Amino acid sequence: MGSEENTLMDFEQVKKDELIKIRKRRKDAGMDPIGNPETDAVGLGISGGGIRSATFNLGILQALERYSMLRYIDYLSTVSGGGYIGASLTWFMTRLGYSFFPFGTSRLDHSGFGGKVLERIRAYGNYLTPGEGLTLWALIAAILSGMIINFLVVLPVFFFFIRLLSVDTKILLPLADSSIDLLFYTVFITPTTIDWLQKPTVSVWLFFLGIIFFTAFLVTVLLYSASTKFSYFGRYGVQRWVSKYMGYALIIGIISVVVSTIPLVYNGLSEWIKTSTSSISLAGLISTASALIKRKPGKEAQGIRSFLLSLGLALITYGLFLWFHHLIHDTDIFSIWWIIFLGGSLVFALLADINHVSMHRFYRNRLMEAYMPYKLRKDGKGEAGTVNDPATPEEMEGGTIMDNTLQSPPRDVKPKDADQCHLWKLYGDDTKTTAPYHIINTNMQTIGSKIPKLRERGGENFIFSALYCGSETTGYRKTKMYMKGRPNLATAMAISGAAVDPNTYATRSRPLTFIMTLLNVRLGYWLRNPSCCKDWRNWMFKNPTWYYMFVEMFGRGLNEKRLNIHLSDGGHFENLGLYELVKRRCRYIIACDASADPDYTFEDLGKVIEKVRIDFGAKIDIDITLLKAIRKKEKISPMAYVAGEIIYADETRADLIYVNSTLIEDLPEDIYTYQKQNPSFPDQGTGDQFFNERQFEAYRELGFQIGRRLVARGQHMDLPQVVASVKKSMEDAKKTLQG
Numbered sequence: 030m031g032s033e034e035n036t037l038m039d040f041e042q043v044k045k046d047e048l049i050k051i052r053k054r055r056k057d058a059g060m061d062p063i064g065n066p067e068t069d070a071v072g073l074g075i076s077g078g079g080i081r082s083a084t085f086n087l088g089i090l091q092a093l094e095r096y097s098m099l100r101y102i103d104y105l106s107t108v109s110g111g112g113y114i115g116a117s118l119t120w121f122m123t124r125l126g127y128s129f130f131p132f133g134t135s136r137l138d139h140s141g142f143g144g145k146v147l148e149r150i151r152a153y154g155n156y157l158t159p160g161e162g163l164t165l166w167a168l169i170a171a172i173l174s175g176m177i178i179n180f181l182v183v184l185p186v187f188f189f190f191i192r193l194l195s196v197d198t199k200i201l202l203p204l205a206d207s208s209i210d211l212l213f214y215t216v217f218i219t220p221t222t223i224d225w226l227q228k229p230t231v232s233v234w235l236f237f238l239g240i241i242f243f244t245a246f247l248v249t250v251l252l253y254s255a256s257t258k259f260s261y262f263g264r265y266g267v268q269r270w271v272s273k274y275m276g277y278a279l280i281i282g283i284i285s286v287v288v289s290t291i292p293l294v295y296n297g298l299s300e301w302i303k304t305s306t307s308s309i310s311l312a313g314l315i316s317t318a319s320a321l322i323k324r325k326p327g328k329e330a331q332g333i334r335s336f337l338l339s340l341g342l343a344l345i346t347y348g349l350f351l352w353f354h355h356l357i358h359d360t361d362i363f364s365i366w367w368i369i370f371l372g373g374s375l376v377f378a379l380l381a382d383i384n385h386v387s388m389h390r391f392y393r394n395r396l397m398e399a400y401m402p403y404k405l406r407k408d409g410k411g412e413a414g415t416v417n418d419p420a421t422p423e424e425m426e427g428g429t430i431m432d433n434t435l436q437s438p439p440r441d442v443k444p445k446d447a448d449q450c451h452l453w454k455l456y457g458d459d460t461k462t463t464a465p466y467h468i469i470n471t472n473m474q475t476i477g478s479k480i481p482k483l484r485e486r487g488g489e490n491f492i493f494s495a496l497y498c499g500s501e502t503t504g505y506r507k508t509k510m511y512m513k514g515r516p517n518l519a520t521a522m523a524i525s526g527a528a529v530d531p532n533t534y535a536t537r538s539r540p541l542t543f544i545m546t547l548l549n550v551r552l553g554y555w556l557r558n559p560s561c562c563k564d565w566r567n568w569m570f571k572n573p574t575w576y577y578m579f580v581e582m583f584g585r586g587l588n589e590k591r592l593n594i595h596l597s598d599g600g601h602f603e604n605l606g607l608y609e610l611v612k613r614r615c616r617y618i619i620a621c622d623a624s625a626d627p628d629y630t631f632e633d634l635g636k637v638i639e640k641v642r643i644d645f646g647a648k649i650d651i652d653i654t655l656l657k658a659i660r661k662k663e664k665i666s667p668m669a670y671v672a673g674e675i676i677y678a679d680e681t682r683a684d685l686i687y688v689n690s691t692l693i694e695d696l697p698e699d700i701y702t703y704q705k706q707n708p709s710f711p712d713q714g715t716g717d718q719f720f721n722e723r724q725f726e727a728y729r730e731l732g733f734q735i736g737r738r739l740v741a742r743g744q745h746m747d748l749p750q751v752v753a754s755v756k757k758s759m760e761d762a763k764k765t766l767q768g
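With this note's numbering applied, the sequence shown covers 30 to 768.
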């Protein structure tokens, strides 16, 4: 193991090594001359959007291949759902060894190999419940099992802490009586509360701890205000220090007082505990519902809605803790049952893998089965499962499909090979492939970062690729050496699509992240920080599951410096796959956007334009007016793609083609029929991950028809001509609208 292979790399070295692979890919694709990818690289970005994006962009890929344009693509940058079909393409053309496009490009392929692959993917449109025992009940069972394991790990800790609040310490806090008298005479508390405050319990100690912090806050306010005429206390550094610790005192005081009142509130409501907890939770639900009314999917509540959401979820959480107190009231904290309860929690915390007890593994495995098949039904010759000599594309595309027979790939592949398809093996020096170099984008959560930009964004783009894994702030480590080479294609694809997760831009409410983590509503993934792989703590000990769960639950420790980082959906940072292509200064970029955008706001495009300007000094000029519907009832737009320009920091220019999943004129009638019966098409919500045959075909055919128009049905055979054609189409469309 060379020291160089274990070295943390910067981006310049990453790009340099990628360009070597791209030159080899161009040579394998028969491109002559090979050119200079450092100045003429071509990138294809495939957006997030779940199976909607995967299916639409499958059609785009088919069109690009049919008209010989896919061979020019050097980089394939995928996000979330776009990674489903991107990973499938990479799987077939690298690991399985097929030297040709696997999905078919015309109607003539329907009975050949391409038709078989397409049939397989179409049949798995409802990949979460694909059948063969994996029904809706299997999905429900997976969700419930994750929740149960989560409860076994987390609830004993909470129960122990809540029960601890009522433990008699035998000693009352010094000066407690004087404090009670002061509070009573200021009418801050009631006579009922006095009895509780005179009991030497942990909750009373916690209550007075909160009062102490409140007092410290008030005293600091008064003293600092009275001393501001002195020049020393007027200094910026002193003012900042005071403000910082005043904030700490205030939040600690609030949390201490609120938590300490759980036994008091319970005792006051003990006669009506079920009704009371239900009422508190109901109030929380009403407040939460008020915040979410007319809120668009994926958008964070703002203003008064943000306040109502946090208030509602806080009330739900408080009601939940009252119910916990009710369940364990008057139990002996030192009994054998408590020891067993906590012991079980410890066992699961030490032995359960945080990445396997969530829904991530179920989600990942279903995606792998759908998009990374290792065998397909084959033609009539040979028995089921027979491994024949490698077949040519012509041989594979002949004959008819027969039931219960299999088509073996050129390589002898076993089921475990999909599960263990290590990224570093995909583009080996001995692998001849024309597949684009695949970059899988994920989001490293950074809400706890000390860097203001990362803390505000809540994340940073973290890539998985055959050569390197990492991000700008963590540095990049060779994939072959990172975590002993274990990162694999299926896991990277699933992480990139981990849309449901706490601590994202849409779930930053503290009470919401608490509830999501408690209920195990999370698809994210924990792994080693590339910058800490050689840290001595990696081999000294491993963090228990408690650590990861409580970090997610309270949002503390999520940053680029910790030993372990948390990754979620790449769309939580940037949803088009455009960011990394601009970072690599590609000369031509095609960005395919299949996100749900019924109001034509093009929010994802706007976000990435802002990010690349801030991070790389790159300016993107593009006019998306022609993409907006002019016949709003039918949702028909003049065009489904437009051309723009990227101006890099050194004034070098590049061309950008932005493709959108919008309806246009002269599409096949079945697409319009489907839209009439399903008015939200082609912007059906990403929550719908259960595509039937009609839905699948509507999106795939829409992508194919838009793609074939983009390349003018093969009339233009290189990127400069395609860009010129798009610009001319835009001019013609504008004249038509004006005339």
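Note that beta-carbon positions come from the ideal geometry of N, C-alpha and C, so glycine has one too. Predicted model only: the values in this text are computed from it and were never measured.
Counterpart residues of residue i in DSSP-defined beta bridges
| i | result |
| --- | --- |
| Ile283 | Answer by DSSP bridge pairing: none, since Ile283 is not bridged. |
| Gly599 | Looking at the DSSP assignment, Gly599 forms no beta bridge with any residue, so it has no partner. |
| Gly230 | A small fix is needed here, since residue 230 is Thr in this sequence, not Gly. Per DSSP, Asp197. |
| Glu674 | Asp650, Asp684 |
| His467 | Leu105 |
| Lys507 | Tyr497 |
| Gly160 | Leu163 |
| Leu692 | Ile665 |
| Ile619 | Leu73, Ile686 |
| Asn394 | Paired residue(s): none; Asn394 is not in a bridge. |
| Asn517 | His451 |
| Arg660 | Ile665 |
| Asn593 | Arg557 |
| Met38 | Tyr505 |
Option nearest residue i by Cα separation, candidates the options
| i | options | result |
| --- | --- | --- |
| Asp633 | Val611, Arg642, Phe602 | Phe602 |
| Ala523 | Gly504, Ser128, Asn470, Phe142 | Asn470 |
| Ile49 | Asp458, Gly526, Pro531, Ile700 | Asp458 |
| Asp684 | Asn384, Arg269, Val752 | Val752 |
| His385 | Asp39, Met545, Met176 | Met176 |
| Leu496 | Ile468, Glu639, Gly714 | Ile468 |
| Gly606 | Gly112, Leu37, Lys44, Gln42 | Gly112 |
| Arg657 | Ile544, Asn689, Leu147 | The sequence shown places Lys at residue 657, rather than the Arg named in the question. Here the closest residue by C-alpha is Asn689. |
| Gln718 | Ile51, Gly77, Leu147, Phe493 | Gly77 |
| Phe188 | Leu349, Pro402, Leu163, Glu398 | Leu349 |
| Lys461 | Lys53, Glu41, Met38, Lys44 | Lys53 |
| Ala727 | Ile51, Arg81, Gln42 | Arg81 |
| His355 | Asp712, Ser195, Gly586, Thr520 | Ser195 |
Reduced DSSP secondary structure (H/G/I, E/B, other) of residue i
| i | result |
| --- | --- |
| Ile653 | coil |
| Tyr608 | helix |
| His451 | strand |
| Gly31 | Because Gly31 carries a pLDDT of 46, less than 50, the predicted location of this residue cannot be relied on, and the following value inherits that uncertainty. Three-state result, Gly31: coil. |
| Tyr554 | strand |
| Asn532 | coil |
| Met522 | helix |
| Glu412 | Reliability fails at Glu412, whose pLDDT of 35 lies under 50, so the model's placement of it is uncertain and no value is given. |
| Glu47 | helix |
| Lys273 | helix |
| Met578 | helix |
| Gln169 | Per the sequence shown, residue 169 should be read as Ile rather than Gln. Helix. |
Original post:
What are the start and end residues of each continuous alpha helix (DSSP H) run of 4 or more residues lying completely inside the region 471–500, in chain order?
Top reply: Counting only unbroken stretches of 4 or more residues, the alpha helix (DSSP H) elements lying wholly within the region 471–500 are 481–486, in sequence order.
Original post:
On the three-pair Cβ rule with 8 Å, is the region 506–517 touching the region 448–461?
Top reply: The region 506–517 makes contact with the region 448–461: 3 or more CB pairs, one atom from each, lie closer than 8 Å.
Subject >> Cβ contact check for the region 149–166 and the region 477–488: 3 or more pairs under 8 Å >> reply: Taking a contact to require three or more Cβ pairs closer than 8 Å, the region 149–166 and the region 477–488 do not qualify as touching.
Subject >> Whole alpha helix (DSSP H) elements within the region 59–138, 4-residue minimum >> reply: Taken in chain order, the whole alpha helix (DSSP H) runs of length 4 or more contained in the region 59–138 are 66–69, 79–95, 110–119.
Original post:
For the region 123–131 against the region 170–178, are there 3 or more C-beta pairs whose distance is under 8 Å?
Top reply: Fewer than three pairs of CB atoms, one per stretch, sit closer than 8 Å, so the region 123–131 makes no contact with the region 170–178.
Original post:
Contact between the region 92–106 and the region 635–654: three or more CB pairs below 8 Å?
Top reply: No, they do not touch.
Original post:
Contact between the region 620–636 and the region 650–670: three or more CB pairs below 8 Å?
Top reply: Between the region 620–636 and the region 650–670, the count of Cβ pairs shorter than 8 Å is three or higher; the stretches touch.
**OP:** Take every Cβ of the region 235–245, pair it with every Cβ of the region 285–297, and state whether three or more of those distances are shorter than 8 Å.
**Re:** Because the criterion of three Cβ pairs below 8 Å is met, the region 235–245 and the region 285–297 touch.
**OP:** Could you tell me whether the region 52–61 touches the region 75–91, using the rule of 3 or more Cβ pairs below 8 Å?
**Re:** The way I'd put it, the region 52–61 doesn't touch the region 75–91; fewer than three beta-carbon pairs between them come closer than 8 Å.
**OP:** Counting only runs of 4+ residues fully inside the region 707–767, write out the alpha helix (DSSP H) ranges in chain order.
**Re:** Inside the region 707–767, DSSP marks whole alpha helix (DSSP H) runs of 4 or more residues at positions 722–739, 748–767, from first to last along the chain.
Original post:
Using 8 Å as the Cβ pair cut-off and three pairs as the minimum, do the region 538–547 and the region 65–74 touch?
Top reply: Verdict: no, contact absent.
Original post:
Would the region 130–145 and the region 374–394 be scored as touching if the rule is three or more Cβ pairs under 8 Å?
Top reply: The region 130–145 makes no contact with the region 374–394; the number of CB pairs closer than 8 Å stays below 3.
Original post:
Counting Cβ pairs closer than 8 Å, one from the region 592–602 and one from the region 614–623, do we hit at least three?
Top reply: Judged by Cβ distances under 8 Å, the region 592–602 makes no contact with the region 614–623, as fewer than three pairs qualify.
**OP:** Indicate whether the contact test is met: 3 or more Cβ pairs, each with one atom in the region 667–674 and one in the region 687–707, closer than 8 Å.
**Re:** Taking a contact to require three or more Cβ pairs closer than 8 Å, the region 667–674 and the region 687–707 qualify as touching.
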